[in-house]
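Undergrad:
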Amino acid sequence: MDNWFTSVPLAHQLLKEPYKLTIVGTLRANKREIPPAILDIKERLIGSSMFCYDKQSTIVSYKPKHNKNVLLLSTTHGNGTIAPSGKPDIIEFYNSTKGAVDTFDQMCSGMSCSRKTQRWPLCYFYGMLNMAIINSYVIYVHNNVKQGKKPASRRCFTKDVSVKMTEPWLRKRREMPTLRRCLKRKIAEVLNETPISDTPGPSRTQKAFVITKSVE
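Read in order, the letters of the sequence shown are residues 1 to 216 in full-length UniProt numbering.
In C-alpha cells form, the structure reads like this:
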C-alpha cells in the first residue's frame with residue numbers, strides 16, 4: 001500500500017468485518033500514531049532496524065543510509081525478523097510485491113475514463129470506474145483461462161462492458177418524445193439498430209379571429 005493511504009487506524013479497520021484484510025505499506029513520518037523513538041535515527045547505525053508493536057500491527061524503522069528513515073506498517077507480520085540480506089522481512093516482502101501497485105496505476109492511466117473536471121466527487125467517481133474495470137478484467141481473464149478460452153483484449157472488454165452498462169439508459173432516452181432527431185440517430189448508431197422514423201402527429205389548424213367593434 002502506498003504511503004498516501006497507509007495509516008494505523010485504516011490498517012485496524014481493514015482487519016475487521018466484513019473486510020478481514022491484512023496490509024503492508026510505507027508510512028509517512030508525519031503520522032501521529034508513530035512513536036517518536038523510531039523517528040530519531042541520528043544515533044543509529046546504517047542498516048539498523050527498530051520495531052514497534054501493538055496487538056494487531058507492526059511498525060518497522062529501517063535506516064538504509066545516512067539521514068534516511070524508511071517506515072513500514074504491517075498487519076501481516078507479527079515479529080521483527082531480519083532477512084539474510086540484513087533488511088527486515090517486512091521490507092523484503094514489500095519490495096517483492098510493490099510492483100503490482102505501480103502496474104495497477106499504469107493500467108489506470110494508460111486507458112482511463114477520466115475527463116477534465118473541477119468537481120472532486122466526479123473525479124473520485126472516475127477513479128472508482130477505472131479501478132472497477134481493471135478488477136473486473138482480471139477476473140474475466142482468470143475465468144477464461146481456467147475454462148481454456150482466449151480472453152478478449154482489455155480495450156474490447158472495456159468497450160463491451162461500457163456499452164452493456166449504458167444500453168438500458170440509451171434505450172430509455174431514445175423514447176423521449178422531446179429528444180432531437182440527431183441524438184436519436186446517434187443512439188441508434190451506437191446500438192447498431194435502425195433509426196426510429198418519426199411519425200408526424202396530427203396537424204393543428206390555425207384559426208383566425210376577427211375582432212369587430214360596434215359603434216353606436
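Just so it is clear, CB atoms sit at the ideal spot from N, CA and C, and this is done for glycine as well.
(1) When the Cα of L15 is compared with those of Q56, M50 and L45, which residue comes out closest?
(2) Pull up the distance between the alpha-carbon of K184 and that of P195, whole angstroms please.
(3) What residues are listed by DSSP as bridge partners for V138?
(4) Buried or exposed: which applies to T97, given that a residue is buried once 16 or more other Cβ atoms fall within 10 Å of its Cβ?
(5) Determine contact between the segment 51-66 and the segment 78-87, defined as no fewer than three beta-carbon pairs at a distance below 8 Å.
(6) At what residues does the beta strand (DSSP E) containing I91 begin and finish?
(7) On the DSSP letters alone, give me the boundaries of the beta strand (DSSP E) that S114 sits inside.
(8) Compute the distance between the beta-carbons of N130 and S153, then report whether it is under 8 Å.
(9) Note down the Cα distance separating T58 from F104, rounded to an integer number of angstroms.
(10) By how many angstroms is the C-alpha of W169 removed from the C-alpha of M176?
(11) Using alpha carbons as the reference points, say which of E92, V70 and K68 lies closest to H77.
(12) Using a Cβ-Cβ cut-off of 7 Å (strictly less than) and excluding sequence neighbours within five positions of T117, which residues of its own chain qualify?
(13) Quick one: what does DSSP say M1 is sitting in, helix, strand or coil?
(14) Going residue by residue through the segment 11-90, where are the continuous beta strand (DSSP E) segments of at least 3 residues, counting only ones entirely within it?
(15) Rounded to the nearest angstrom, what separates K42 and D2 at their Cα positions?
(16) Cutting at 6 Å between CB atoms, please list the residues of its own chain near T22, excluding the five before and the five after it.
TA: In short:
(1) Q56
(2) 7 Å
(3) DSSP, once it has assigned bridges, lists no residue as partnering V138.
(4) exposed
(5) yes
(6) Where I91 is concerned, there is no enclosing beta strand (DSSP E), although the alpha helix (DSSP H) it sits in stretches over D89 to T97.
(7) Per DSSP, S114 belongs to no beta strand (DSSP E) and is neither H nor E.
(8) no
(9) 26 Å
(10) 11 Å
(11) E92
(12) C123
(13) coil
(14) 24-26, 49-53, 58-62 and 70-74
(15) 26 Å
(16) T75 and T76
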